[in-house]
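For the record, the sequence lines run as chains C and E. Just so we're aligned, residue 1 is where the first sequence starts under UniProt numbering, counting upward by one. Just so we're aligned, residue 1 is where the second sequence starts under UniProt numbering, counting upward by one. A short worksheet on the structure shown next.
2 protein chains.
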Amino acid sequence: MRIGELAEATGTTTKTLRFYEEAGLLPPTHRASNGYRDYGADAVTRLDFIRRGRAAGLTLAQIREVIDIRDTGQTPCSHVHDLLTIRLTDIDRQIADLRELRATVARLRHEAGRADPAACDAEDVCRYL
Amino acid sequence: MRIGELAEATGTTTKTLRFYEEAGLLPPTHRASNGYRDYGADAVTRLDFIRRGRAAGLTLAQIREVIDIRDTGQTPCSHVHDLLTIRLTDIDRQIADLRELRATVARLRHEAGRADPAACDAEDVCRYL
DNA sequence: CTTGACCTTCCATTGTGCTGGAAGGTTCAG
DNA sequence: CTGAACCTTCCAGCACAATGGAAGGTCAAG
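Listed below in structure tokens is the structure:
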């Protein structure tokens, strides 16, 4: 699988893929005789994980930390466990923050929808901001 | 309330507050006779909203969009409603992404914790990545 | 055997969200 | 009156996550 196909398959660009390799998120891959990168199906899996991590607001460094657990056999289990616990706590806090924000925005929206359009007044809408 | 006090009260810095003013997130505020910025209590409320938005991964532009609803009486209710609906959908998708990521990380962590430390093996830990 | 779509490296630039530092004015305690 | 701790503007620089573009190599179709 060439870099363009992988980009296509994962909804990214060749630029981004080379950048990820440079950044240590993708391992330097096998090269065909012409020097072209040659990816296996596992690259798609890995990029899916990266994409989900990004969508969830993790930094590339944080994603790399978790990925490194997979790539190096060195890391002791306890360290791995601790690392993931921290990551999990972060994610839980982020979810809680999002829920709080959602409530605020939803309340605001409710007020906006309830108001008589003729009497549309920023004061009414935003008393609850 | 001077800028330093506001920074203290909201857990930011004077640098950030001036930057937010420049970026249109805080309105240019009243100045004392000496030219110092003089904030009211509403600034704290607004910064709390900004902080929550940031914690939830919203960009300053997105936060400003919502804030502008409050500051301009011009925006028609329907536009406000639509804007907030989009914002809400985004937030919901983000929460869903986070939950999926949480499940992945939790599964990974469970595997890390379950493994015999003596037999700590990246293969075991990361088969589920 | 050329055209076009790929691929390669390398280096510069963008956008977001700050952060630092210079150079100077203000206020207050001792 | 001096010094510390504030404040002001302005401009530079940083980290992150890409993105753009130049200059050139490769390959399959027509």
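No residue lacks a Cβ here, since even glycine has one placed at the ideal position from N, Cα and C. Just so you know, these numbers come straight off a predicted model, no measurement behind them.
Can you tell me which of the three DSSP states residue i falls into?
{"i": "arginine 107 of chain E", "result": "helix"}
{"i": "arginine 2 of chain C", "result": "coil"}
Quick one: using the 10 Å Cβ neighbour count with 16 as the cut-off for buried, is residue i buried or exposed?
{"i": "histidine 110 of chain E", "result": "exposed"}
{"i": "residue 174 of chain C", "result": "Because chain C spans 1 through 129 in this model, residue 174 of chain C falls outside it and cannot be assessed."}
{"i": "residue 180 of chain E", "result": "With chain E represented from 1 up to 129, any question about residue 180 of chain E goes unanswered, as that position is not in the structure."}
{"i": "aspartate 121 of chain E", "result": "For aspartate 121 of chain E, the predicted model reports a pLDDT of 49, less than 50, meaning its position is unreliable; a value from the coordinates is still stated below. That one is exposed."}
{"i": "glycine 35 of chain E", "result": "exposed"}
{"i": "threonine 10 of chain E", "result": "buried"}
{"i": "alanine 23 of chain E", "result": "exposed"}
Spatial neighbours of residue i within its chain, please: C-beta separation below 7 Å, excluding the five flanking residues on both sides.
{"i": "leucine 17 of chain C", "result": "Ile3, Leu6, Ala7 and Leu26"}
{"i": "arginine 31 of chain C", "result": "Arg37 and Asp38"}
Quick one: list the residues of chain E neighbouring residue i, beta-carbon separation under 8 Å, in chain order.
{"i": "valine 105 of chain C", "result": "Val66, Leu84, Arg87, Leu88 and Ile91"}
{"i": "glutamine 94 of chain C", "result": "Ala55, Ala56, Gly57 and Leu98"}
For residue i, go through chain C and note every residue whose CB falls closer than 8 Å to its CB, in chain order.
{"i": "aspartate 97 of chain E", "result": "Arg52, Ala55 and Ala56"}
Can you list, in chain order, the residues of its chain whose CB lies under 6 Å from that of residue i, leaving out five sequence neighbours each side?
{"i": "methionine 1 of chain E", "result": "Tyr39"}
{"i": "tyrosine 20 of chain C", "result": "Leu26"}
{"i": "alanine 61 of chain E", "result": "none"}
{"i": "threonine 13 of chain E", "result": "Ala7"}
{"i": "threonine 29 of chain C", "result": "Arg37 and Tyr39"}
Going by beta carbon distance, what residues of the same chain come within less than 8 Å of residue i, once the five residues before and after it are set aside?
{"i": "isoleucine 63 of chain E", "result": "Leu25, Phe49, Ile50, Gly53 and Arg54"}
{"i": "leucine 129 of chain E", "result": "Caution is warranted here: a pLDDT of 43 is assigned to leucine 129 of chain E, below 50, making its placement in the model unreliable, and no coordinate value can be reported."}
So residue i packs on residue j, CB below 8 Å; how close in whole Å?
{"i": "valine 66 of chain C", "j": "arginine 46 of chain C", "result": "The pair is not a contact, with the Cβ atoms about 11 Å apart (cut-off 8 Å)."}
{"i": "isoleucine 91 of chain E", "j": "valine 105 of chain C", "result": "7 Å"}
{"i": "glutamine 94 of chain C", "j": "leucine 108 of chain E", "result": "Actually they do not touch by this definition, with Cβ atoms about 17 Å apart."}
{"i": "alanine 112 of chain E", "j": "leucine 84 of chain C", "result": "6 Å"}
When every heavy atom of the ligand MG is checked, does at least one fall within less than 8 Å of the C-beta of residue i?
{"i": "leucine 88 of chain E", "result": "Only the bare structure without any ligand can be found here, which leaves the ligand MG out of the picture."}
Which residues in chain C sit within 7 Å of residue i, going by Cβ to Cβ distance?
{"i": "leucine 101 of chain E", "result": "Arg52, Gly53, Ala56 and Ile91"}
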